Amino acid sequence: MPLVYIAGDAWATESSVELHAPWDGASLGSVGQADLELARRAVGLAVDALPRAARLPSHLRRDFLRAISQGITARAETLSRTIATEAGKPITFARAEVARAALTFSLGAEEATRLGGEVMDLDHLASTEGAVVMTRRVPAGVVVAITPFNFPLNLVAHKLAPAFAAGAPVVLKPAPQTPLTALALAAIVREACDATGAPKAMLSVLPCAVEVAEALVTDPRPAVVSFTGSAAVGWSLRAKAPRKRVLLELGGNAAAIVCADADVDRALDRIVSGAYGYAGQVCVKVQRVLVHEHLSKRFTEALAERTAATPVGAPHDESTVCGPMIDERAALRVRAWLDEAQADGAELLAGGAREGNRLTPTLVRHARAGQKIVDEEVFGPVLTVQPFSDLDEALGDVNSGRYGLQTGLFTRDLENISRAYRGLEVGAVIVDDAPTFRADAMPYGGVKDSGAGREGVRFALEDMTERRALVLRRFGP
Numbered sequence: 001m002p003l004v005y006i007a008g009d010a011w012a013t014e015s016s017v018e019l020h021a022p023w024d025g026a027s028l029g030s031v032g033q034a035d036l037e038l039a040r041r042a043v044g045l046a047v048d049a050l051p052r053a054a055r056l057p058s059h060l061r062r063d064f065l066r067a068i069s070q071g072i073t074a075r076a077e078t079l080s081r082t083i084a085t086e087a088g089k090p091i092t093f094a095r096a097e098v099a100r101a102a103l104t105f106s107l108g109a110e111e112a113t114r115l116g117g118e119v120m121d122l123d124h125l126a127s128t129e130g131a132v133v134m135t136r137r138v139p140a141g142v143v144v145a146i147t148p149f150n151f152p153l154n155l156v157a158h159k160l161a162p163a164f165a166a167g168a169p170v171v172l173k174p175a176p177q178t179p180l181t182a183l184a185l186a187a188i189v190r191e192a193c194d195a196t197g198a199p200k201a202m203l204s205v206l207p208c209a210v211e212v213a214e215a216l217v218t219d220p221r222p223a224v225v226s227f228t229g230s231a232a233v234g235w236s237l238r239a240k241a242p243r244k245r246v247l248l249e250l251g252g253n254a255a256a257i258v259c260a261d262a263d264v265d266r267a268l269d270r271i272v273s274g275a276y277g278y279a280g281q282v283c284v285k286v287q288r289v290l291v292h293e294h295l296s297k298r299f300t301e302a303l304a305e306r307t308a309a310t311p312v313g314a315p316h317d318e319s320t321v322c323g324p325m326i327d328e329r330a331a332l333r334v335r336a337w338l339d340e341a342q343a344d345g346a347e348l349l350a351g352g353a354r355e356g357n358r359l360t361p362t363l364v365r366h367a368r369a370g371q372k373i374v375d376e377e378v379f380g381p382v383l384t385v386q387p388f389s390d391l392d393e394a395l396g397d398v399n400s401g402r403y404g405l406q407t408g409l410f411t412r413d414l415e416n417i418s419r420a421y422r423g424l425e426v427g428a429v430i431v432d433d434a435p436t437f438r439a440d441a442m443p444y445g446g447v448k449d450s451g452a453g454r455e456g457v458r459f460a461l462e463d464m465t466e467r468r469a470l471v472l473r474r475f476g477p
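Heads up: the sequence shown at position 201 corresponds to 201 in our numbering, and the numbers run straight through without jumps.
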């Protein structure tokens with residue numbers, strides 16, 4: 001019987017969808033689909049649980065998050081294989097994601113005991129002598145989380161961990177392609193609730209149709225919406241919930257700038273991995289390489305060789321770097337963008353072959369602004385390369401686009417680093433690595449069409465909580 005998780009309990013659904021593995025199309029079984037009634041019930045239970053959850057002492061919130069982290073670690077290989085199967089993610093990448101998710105909840109456990117406030121004297125006027133204000137952070141309210149397919153565990157963790165650290169229940173709508181990982185996590189969270197006494201309604205997981213997800217967003221009861229996905233959908237959801245806190249982690253079009261003094265071998269290693277790993281289905285994947293003209297010829301030749309040599313294969317093969325795309329429609333879109341660019345003068349130096357949802361790692365030169373592979377988020381195993389003569393030229397090229405998530409900068413020159421940090425309109429500049437780099441404790445997010453707000457447990461906590469003030473009028477020495 002198809003099921004969903006509502007407040008920690010499995011609920012039967014009237015409708016379901018059949019899941020298929022991206023690699024070979026094998027059936028993965030049926031997954032329940034929550035209707036509007038179940039969605040409203042899940043929100044209601046979360047709202048009812050909020051007062052109790054918000055009053056949980058920090059040691060209990062810490063223990064709850066630790067228990068989730070430990071539960072993930074105990075099931076690490078099973079979760080990794082689930083991710084590899086339903087998301088088509090190479091198994092080595094899937095294992096890394098599971099380890100990161102365990103860390104994310106562990107970071108949440110630490111932040112749960114650090115969630116403090118401040119005291120400020122208010123004696124700026126004679127009439128306010130002796131007055132002080134004390135502040136503390138409290139949950140803004142129930143969180144609705146909507147997550148994508150490409151990190152079905154760790155991007156969920158980045159919604160849940162800060163909410164749980166603050167004492168806020170979450171209603172999660174996982175990606176339709178990868179609900180099995182989220183449902184497995186729901187069982188781990190339920191065990192952690194039982195072990196620590198946290199309310200079962202800390203988490204509901206509702207695979208559902210788009211219209212049901214929109215109803216979750218527009219329901220007046222949740223106070224926070226945290227969305228990771230495409231820019232078009234994210235900004236649309238924000239417009240539909242203008243009175244809520246809507247946190248958006250959206251698309252990217254990340255560049256790697258290779259300066260004349262760069263460590264070339266390191267740059268090649270990191271760029272190839274960041275461009276083609278997991279078929280490029282990462283919002284901070286390397287999409288554009290801007291290489292100094294003094295290095296351009298030999299760097300491009302080496303990049304083409306490494307592109308052609310990138311291991312391609314089945315997700316469960318330990319050597320695979322580039323597996324399938326999530327479905328054939330995604331691969332057809334990317335191939336169509338390549339066709340458009342080629343018709344407009346772009347040249348394929350390696351790759352470009354498509355079979356079903358499998359697209360070989362592809363390197364392109366002579367691409368230019370106005371082509372989708374340059375202007376839009378490819379979200380596939382495609383990389384463009386172009387020379388630049390001056391760093392300001394490269395920085396201007398990066399800033400000319402509508403996205404601003406992260407940029408990689410390969411240089412050993414502190415002046416180059418300073419110029420890039422001051423001049424780039426992005427959420428982060430990554431020095432001596434690809435823009436794909438993300439550590440789970442760091443602030444992560446972008447500007448322009450790449451989103452609003454920041455992830456990273458400590459930073460997301462700020463967006464999921466309110467400052468509540470207590471003024472004491474007679475608090476003198």
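Here a beta-carbon is modelled for each residue, glycine too, at the ideal position from N, C-alpha and C.
A quick note: this is a predicted structure, and the numbers were derived from the prediction, not measured.
Bridge partner(s) assigned by DSSP for residue i
i, result
"residue 386", "290"
"residue 475", "BP columns for residue 475 are empty, so no partner."
"residue 244", "Answer by DSSP bridge pairing: none, since residue 244 is not bridged."
"residue 410", "258"
"residue 38", "According to DSSP, residue 38 bridges with nothing at all."
"residue 33", "15"
"residue 470", "134"
Within 8 Å, strictly: CB atoms of residue i and residue j
i, j, result
"residue 35", "residue 212", "yes"
"residue 154", "residue 198", "no"
"residue 149", "residue 177", "yes"
"residue 142", "residue 51", "no"
"residue 410", "residue 259", "yes"
"residue 206", "residue 170", "no"
"residue 323", "residue 88", "yes"
"residue 468", "residue 43", "no"
"residue 404", "residue 453", "no"
"residue 276", "residue 93", "no"
"residue 255", "residue 290", "yes"
"residue 21", "residue 85", "yes"
"residue 362", "residue 391", "no"
"residue 438", "residue 284", "yes"
"residue 6", "residue 236", "no"
Residue i: first and last residue of the uninterrupted beta strand (DSSP E) it sits in
i, result
"residue 173", "170-173"
"residue 20", "15-20"
"residue 298", "No beta strand (DSSP E) holds residue 298; the alpha helix (DSSP H) holding it covers 296-308."
"residue 428", "428-431"
"residue 11", "9-12"
"residue 347", "347-350"
"residue 120", "117-121"
"residue 252", "Residue 252 -> no beta strand (DSSP E), and no H or E assigned at all."
"residue 368", "Per DSSP, residue 368 belongs to no beta strand (DSSP E) and is neither H nor E."
"residue 203", "203-205"
"residue 4", "3-6"
Simplified DSSP state of residue i, which is helix, strand or coil
i, result
"residue 455", "strand"
"residue 156", "helix"
"residue 226", "strand"
"residue 58", "helix"
"residue 283", "coil"
"residue 465", "strand"
"residue 320", "coil"
"residue 191", "helix"
"residue 442", "coil"
"residue 434", "coil"
"residue 145", "strand"
"residue 356", "coil"
"residue 69", "helix"
"residue 313", "coil"
"residue 405", "coil"
"residue 450", "coil"
Opening and closing residue of the alpha helix (DSSP H) in which residue i lies
i, result
"residue 397", "391-399"
"residue 83", "76-87"
"residue 334", "328-343"
"residue 266", "264-276"
"residue 421", "414-423"
"residue 215", "210-218"
"residue 106", "91-112"
"residue 137", "No alpha helix (DSSP H) contains residue 137, which is instead part of the beta strand (DSSP E) from 132-139."
"residue 375", "372-375"
Residue i beta carbon near the ligand MG (any heavy atom closer than 7 Å)
i, result
"residue 16", "Among the components of this structure there are no ligands whatsoever, and the ligand MG is therefore not found."
At least 3 beta-carbon pairs within less than 8 Å: the region 322-333 vs the region 295-303: Fewer than three beta-carbon pairs drawn from the region 322-333 and the region 295-303 are found closer than 8 Å, and the two stretches are therefore not classed as touching.
Cβ contact (3+ pairs, closer than 8 Å) linking the region 369-380 and the region 423-433: No: the two stretches stay apart, fewer than three of their Cβ pairs being nearer than 8 Å.
Contact between the region 345-352 and the region 364-378 (3+ Cβ pairs under 8 Å): The region 364-378 and the region 345-352 touch, with three or more beta-carbon pairs separated by less than 8 Å.
Any 3 or more C-beta pairs closer than 8 Å across the region 53-61 and the region 219-234: With the cut-off at 8 Å, the region 53-61 and the region 219-234 do not touch.
Stretch-stretch touch, CB-based, cutoff 8 Å, three pairs: the region 232-246 with the region 62-79: Verdict: no, contact absent.
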